[in-house]
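Novice:
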Amino acid sequence: FVVMTMGALHAGHAALIKQARADAGDSGTVIVTVYVNALQFNDEADLSRYPRTLESDVELASRAGADIVWAPTAVDVFPEGSAPFDTDPGPVGEMYEGAQRPGHFRGMLTVVRAFLAALQPTVAYFGEKDYQQLALIKQMISRLGIATRVIAVPTVRETDGLALSSRNVFLTSQQRQQALGISRALFAGQACASRGRSAVFEAADAILQAYMLEPDYRALVGEDFAHDASGKARMLIAVKVGDVRLIDNIAIDFTGTQTAVPQSAAANVSIEPGASSA
Numbered sequence: 002f003v004v005m006t007m008g009a010l011h012a013g014h015a016a017l018i019k020q021a022r023a024d025a026g027d028s029g030t031v032i033v034t035v036y037v038n039a040l041q042f043n044d045e046a047d048l049s050r051y052p053r054t055l056e057s058d059v060e061l062a063s064r065a066g067a068d069i070v071w072a073p074t075a076v077d078v079f080p081e082g083s084a085p086f087d088t089d090p091g092p093v094g095e096m097y098e099g100a101q102r103p104g105h106f107r108g109m110l111t112v113v114r115a116f117l118a119a120l121q122p123t124v125a126y127f128g129e130k131d132y133q134q135l136a137l138i139k140q141m142i143s144r145l146g147i148a149t150r151v152i153a154v155p156t157v158r159e160t161d162g163l164a165l166s167s168r169n170v171f172l173t174s175q176q177r178q179q180a181l182g183i184s185r186a187l188f189a190g191q192a193c194a195s196r197g198r199s200a201v202f203e204a205a206d207a208i209l210q211a212y213m214l215e216p217d218y219r220a221l222v223g224e225d226f227a228h229d230a231s232g233k234a235r236m237l238i239a240v241k242v243g244d245v246r247l248i249d250n251i252a253i254d255f256t257g258t259q260t261a262v263p264q265s266a267a268a269n270v271s272i273e274p275g276a277s278s279a
């Protein structure tokens, strides 16, 4: 039972580890990997400032139920100096995050594939917050016939709705308030699913504009990117708040069976369009 991370662990990672621990029971072994994967960064500055907090990561992972924390070096992962395989993410990897961050998904899949080969886990746990990544990992495992089952764990949020992210530490207090517009836009869109795609986009866009957020993209995709967004779908949003790039997503159900939106996270926003929420 494995949980792959890049460190800077928070309660969202703890949820993955706790789920793995519950599924593994007393007899299974839960392994948490901590590896800042340089292959998935296309910005050297972003790579250099990524938080590296191994000591606290080990403590959090242990408290959440990990038996082993493996923090390999690049040489441990690729003893020959480079990957012995090239993992093409395909068309799904070229859109949205892939278009914004060339090479990101190829680098991510290469390391995930290397870890799966090294550890050969029965089950691997990934968060829904990185939804496109999750879909690509599922596709790769299916395509290569890897005998590992993927379990997706729902996004963990602060009480005000902000999705937990290792990058949140870089937000100023004012930027954090502005970033709330991301989740509130998603919840607003989700609440309008019964009125169709246009209503979902209109509701989300109104919130983004009110919080003065200009998205890199906002899109509706089918579950796991496996079909169009006519039934069960996901709304994806990526926004740069200051110099911190944040992503989030939410389930959108156009079949009429949408789960109720939590009132605490989907509270009405009482700010005028164009005004800052800070």
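The numbering used here numbers the first residue of the sequence shown as 2 and each following residue consecutively.
Heads up, the beta-carbon is just placed ideally off N, CA and C, and yes, glycines get one too.
1. What would DSSP say about PHE127, mapped onto helix, strand or coil?
2. Below 7 Å CB to CB, which residues in the same chain sit around VAL157 once its five sequence neighbours on both sides are set aside?
3. Rounded C-beta distance between THR88 and PRO122? I'm assuming under 8 Å.
4. To the nearest angstrom, how far is the alpha carbon of ASP244 from that of SER49?
5. VAL113 lies in the alpha helix (DSSP H); which residues open and close that run?
6. Would the beta-carbon of ALA204 fall within 9 Å of that of GLY190?
7. For the segment 67-76 and the segment 20-35, state whether three or more C-beta atom pairs, one from each stretch, are separated by less than 8 Å.
8. In angstroms with no decimal places, state the Cα-to-Cα distance between ILE138 and ALA200.
9. Express the C-alpha separation of PHE79 and ALA211 in angstroms, rounding to a whole number.
10. Looking at the structure shown, is GLY8 part of a helix, part of a strand, or coil, going by DSSP?
11. If contact is defined by three or more beta carbon pairs under 8 Å, each pair taking one atom from either stretch, is the segment 91-111 in contact with the segment 212-230?
12. Would you call the CB atoms of GLY128 and PRO155 closer than 9 Å?
13. My assumption, with CB atoms under 8 Å, is that ILE18 sits in contact with ALA62. Please give the rounded CB distance.
14. Measure from the alpha carbon of ALA9 to the alpha carbon of each residue in PHE226, THR74, TYR51, GLN134, then state which is nearest.
15. So ARG107 packs on GLY91, CB below 8 Å; how close in whole Å?
16. Reducing DSSP to helix, strand and coil, say where PRO90 ends up.
17. Within the continuous alpha helix (DSSP H) that includes VAL154, where are the two ends?
18. Going by alpha carbons, who is nearest to ALA25 out of ASN43, ASP58, TYR126?
19. Between which two residues does the alpha helix (DSSP H) containing TYR132 stretch?
20. Taking the beta carbon of GLY162 as the centre, do at least 16 other beta carbons fall within 10 Å, making it buried, or is it exposed?
21. What does a CB cutoff of less than 8 Å around PRO1 pick up in its chain, not counting 5 residues either side in sequence?
22. Identify, in the order they occur along the chain, each residue of the same chain with its Cβ nearer than 6 Å to the Cβ of THR6, setting aside the five sequence neighbours on each side.
23. Are MET109 and LEU40 closer than 9 Å when you measure CB to CB?
24. On the three-state DSSP scale, how would you describe GLY223?
25. Taking the continuous beta strand (DSSP E) assigned at ARG235, which residues delimit it?
26. Go through its chain and collect everything with a Cβ distance to LEU55's Cβ below 8 Å, but skip five positions before and after it.
27. By the 10 Å Cβ neighbour count, where 16 or more other Cβ atoms means buried, how is HIS228 classified, buried or exposed?
28. Looking at the unbroken beta strand (DSSP E) that takes in LEU247, where does it start and where does it end?
Specialist: Working from what's here:
1. strand
2. ALA12, GLY13, ALA16, LEU165
3. Not confirmed; about 18 Å, so no contact.
4. 14 Å
5. 105-120
6. yes
7. yes
8. 31 Å
9. 47 Å
10. coil
11. yes
12. yes
13. 6 Å
14. TYR51
15. That pair is no contact at about 10 Å.
16. coil
17. Premise fails: VAL154 lies in the beta strand (DSSP E), 150-154, not in any alpha helix (DSSP H).
18. TYR126
19. 132-145
20. buried
21. Because residue 1 is not part of the residues shown, which for the chain are 2 to 279, the question remains open.
22. HIS14, VAL35
23. yes
24. strand
25. 233-242
26. GLY8, VAL35, ALA72
27. exposed
28. 245-254
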